[in-house]
Ligand code: RIB
Ligand code: CA
């Protein structure tokens, strides 16, 4: 059993990662923390609670609200992809009786901030806790600044972010999570805890199409399947209009899969740096991944390959499994 903490900017794919993690018997989700990214952290936090209500849970993981602003840069969001509410507009959906389909959730929140909860759990589970950041790294960096000694207890960081040998999704050279807070990303890389990076290079290979989702949901009409359909609709439409495919990238579920199905992934050791200032390249993740090139001492593992179809099948087998764990 791996103890993990999910740090999210819940968003549509973050929600799918939360559902996958909570349906992975190999993982113990000790907490879910939130950070401004796809949308403001207030909305991300509400979205985590809405997602948890969509899953038939007997017990809720601790949820703690995190940082609203990056370390230095002004905050930018991704509402154009995830909707103004961060979940594809489902919070505005009304049933035939005029009631909200996804009403405001019970505010079940930790009394401590995300940063303090990360520090507390790092100390409670020395050399056990794996951090899984799925948004900008602001919370992680602030925890390292606030209590570096305690944060050295973290076993590993497995994050979704960055791009190396293809184009970015915010600028030509930068991926969103790193672009929003490049200073936090550099600080996390410099801190010395083992870091595994799951970049766009592999997440762009794993597409959840509307056709596949409908086929997998099939006749399973329940609260979760309705949430999966509703929450992904707008994001799929966005990609259909812009990217030409009626679907969405499974960015954030992939780090979960790397933890539970490592055989589906390929990684290499690399020396990774972050561009924190460039006018055109701010947020770029830089590493020479060519096998023939001499490598400086690695500071991270970079995921460079995924068995996309096997991961997709695993994803559905888990999230639609009737035997939920809680
Ligand atoms: O670039 C994709 C990443 O940015 C994903 O984590 C998505 O949720 C957004 O946070
Ligand atoms: Ca995310």
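Residue numbers (this note's numbering): 3 to 328.
We put the CB at the ideal spot given by N, CA and C, even for glycine.
As the structure is a prediction and not an experimental result, all values here were calculated from the model.
Cβ of residue 92 within 9 Å of Cβ of residue 232? yes
Inter-residue Cα distance where the pair is residue 328 and residue 60: Only weak support is given to the placement of residue 328: the predicted model assigns it a pLDDT of 42, under 50, and the question is left unresolved by the model.
- So, helix, strand or coil for residue 326, using DSSP? Residue confidence for residue 326 is low, a pLDDT of 48 falling below 50, so the modelled location carries little weight; the figure read from the coordinates is stated next. Three-state result, residue 326: coil.
- Considering only residues of the same chain and omitting the five flanking positions on each side of residue 172, which have a CB-CB separation below 6 Å? 178 and 181
Query raised in the report: Any chance the CB of residue 11 is under 8 Å from a heavy atom of ligand 2?
Result: yes
Would DSSP call residue 32 helix, strand or coil? strand
Q | Residue of 293, 107, 153 and 145 minimising C-alpha distance to residue 129 | A | 153
- [ ] Tell me whether residue 40 counts as near ligand 2, meaning its Cβ is closer than 8 Å to at least one heavy atom of that ligand.
- [x] yes
Using the Cβ count rule (16 or more neighbours within 10 Å means buried), how would you classify residue 48? buried
Flag residue 232 as yes when its Cβ comes closer than 8 Å to any non-hydrogen atom of ligand 2, and as no otherwise. no
So is the beta-carbon of residue 80 under 8 Å away from any non-hydrogen atom of ligand 1? yes
Q. Can you give the Cα-Cα distance for residue 118 and residue 145, rounded to whole angstroms?
A. 7 Å
Quick one: what does DSSP say residue 162 is sitting in, helix, strand or coil? strand
Quiz prompt | When 67, 238, 167 and 53 are compared against residue 107, the one with the closest alpha-carbon | solution = 53
| query | What span of residues does the alpha helix (DSSP H) with residue 271 cover, start to end? | reply | Run containing residue 271: none in the alpha helix (DSSP H); it sits in the beta strand (DSSP E), 267-272.
| message | Rounded to the nearest angstrom, what separates residue 311 and residue 28 at their Cα positions? | response | 21 Å
For residue 102 and residue 44, I'd like the C-alpha separation in whole angstroms. 19 Å
* Is residue 314 helix, strand or coil by DSSP? -> helix
Practice item. Below 8 Å on the Cβ atoms is my guess for residue 212 versus residue 238; work out the distance and round it to an integer in Å. Key: 5 Å
Using DSSP's beta-bridge definition, name the partner residues of residue 286. 176
Pull up the distance between the alpha-carbon of residue 113 and that of residue 66, whole angstroms please.
8 Å
| field | Delimiting residues of the alpha helix (DSSP H) encompassing residue 4 | value | No alpha helix (DSSP H) contains residue 4, which is instead part of the beta strand (DSSP E) from 4-10.
* residue 293, DSSP secondary structure in three states -> coil
| Comparing alpha-carbon positions, which option in 14, 209 and 291 lies nearest residue 167? | 291
* Secondary structure at residue 228, three-state DSSP: helix, strand or coil? -> helix
State the start and end residues of the unbroken beta strand (DSSP E) segment that holds residue 304.
302-308
Beta-carbon proximity list for residue 298, same chain, < 7 Å, skipping 5 on both sides
273
How about residue 253 and residue 136: are their beta carbons less than 9 Å apart?
-> yes
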